[in-house]
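Inspection log for the structure reproduced underneath, given as structure tokens.
Residue numbers (my numbering): -18 to 167.
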């Protein structure tokens, strides 16, 4: 390529104030508008995901969190128990792996089941009430606690419902700070 050609091209671009053509895509990047929205939604659609779409990620996330918490808990418990039992070497390593896997799987299942119940209640309430608000969150969490502990007796069932309600209240207070401050200032 002629060195004078580069100077000619650069002067043409600077005179017209155009961006150079992309050598890979063969288009002028100045046509791209950065002020436009990045995602295209059908007309009349909401610009955020609903409760049903969020259910899958929350269930998977709770399983992952449960596996991590359970694994760490199992490791700590395994270290204590194998030290007391006097295990060393390969036997201790195998026992530690067993503790981590058993506690991790159990906690992951527990949190995963709770997330499935919460999501099912939340989607059902959203469908029945045809609205998404804090009432659905509070009702779904309370119903989840009640159902999860329903096989343990009435007293335990009520404690589970109260625990679910307390967690939901804390969540709603954290996520809806603006609504709370505008509500209390009126």
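Ideal Cβ positions, reconstructed from N, Cα and C, are used throughout, including at glycine.
query: Let me know if residue 147 comes out buried or exposed under the rule of 16 or more other beta-carbons within 10 Å of its beta-carbon.; result: exposed
query: Alpha carbon to alpha carbon, how far is residue 151 from residue 173? Give it in angstroms, no decimals.; result: Nothing can be reported for residue 173, as the shown portion of the chain is limited to -18 through 167.
query: So what's residue 30 in DSSP terms, helix, strand or just coil?; result: coil
query: Can you list, in chain order, the stretches of the beta strand (DSSP E) that have 3 or more residues and sit fully within the stretch 138 to 162?; result: none
query: Which word fits residue 100, buried or exposed, when buried means at least 16 other C-beta atoms lie within 10 angstroms of its C-beta?; result: buried
query: Should residue 45 be labelled buried (16 or more other beta-carbon atoms within 10 Å of its own) or exposed?; result: exposed
query: With three or more beta-carbon pairs closer than 8 Å as the criterion, would you say the stretch 117 to 135 touches the stretch 91 to 98?; result: yes
query: Would you decide whether residue 40 is buried or exposed? Buried here means 16 or more other CB atoms lie within 10 Å of its CB.; result: buried
query: Give the straight-line distance between the Cα atoms of residue 89 and residue 110, rounded to the nearest whole angstrom.; result: 31 Å
query: Starting from residue 75 and walking both ways along the alpha helix (DSSP H), at which residues does that stretch end?; result: 70 to 110
query: Would you report the Cα separation of residue 92 and residue 141, rounded to the nearest angstrom?; result: 14 Å
query: Return the Cβ separation of residue 51 and residue 84 in integer angstroms, given the expectation that the two are a contact with Cβ distance under 8 Å.; result: 4 Å
query: Could you check the C-alpha separation between residue 55 and residue 94 for me, to the nearest Å?; result: 20 Å
query: Cutting at 7 Å between CB atoms, please list the residues of its own chain near residue 87, excluding the five before and the five after it.; result: 51
query: Given a cut-off of 8 Å on the beta-carbon distance, is the pair residue 77 and residue 59 in contact?; result: yes
query: Under 8 Å between the Cβ atoms of residue 32 and residue 159?; result: no
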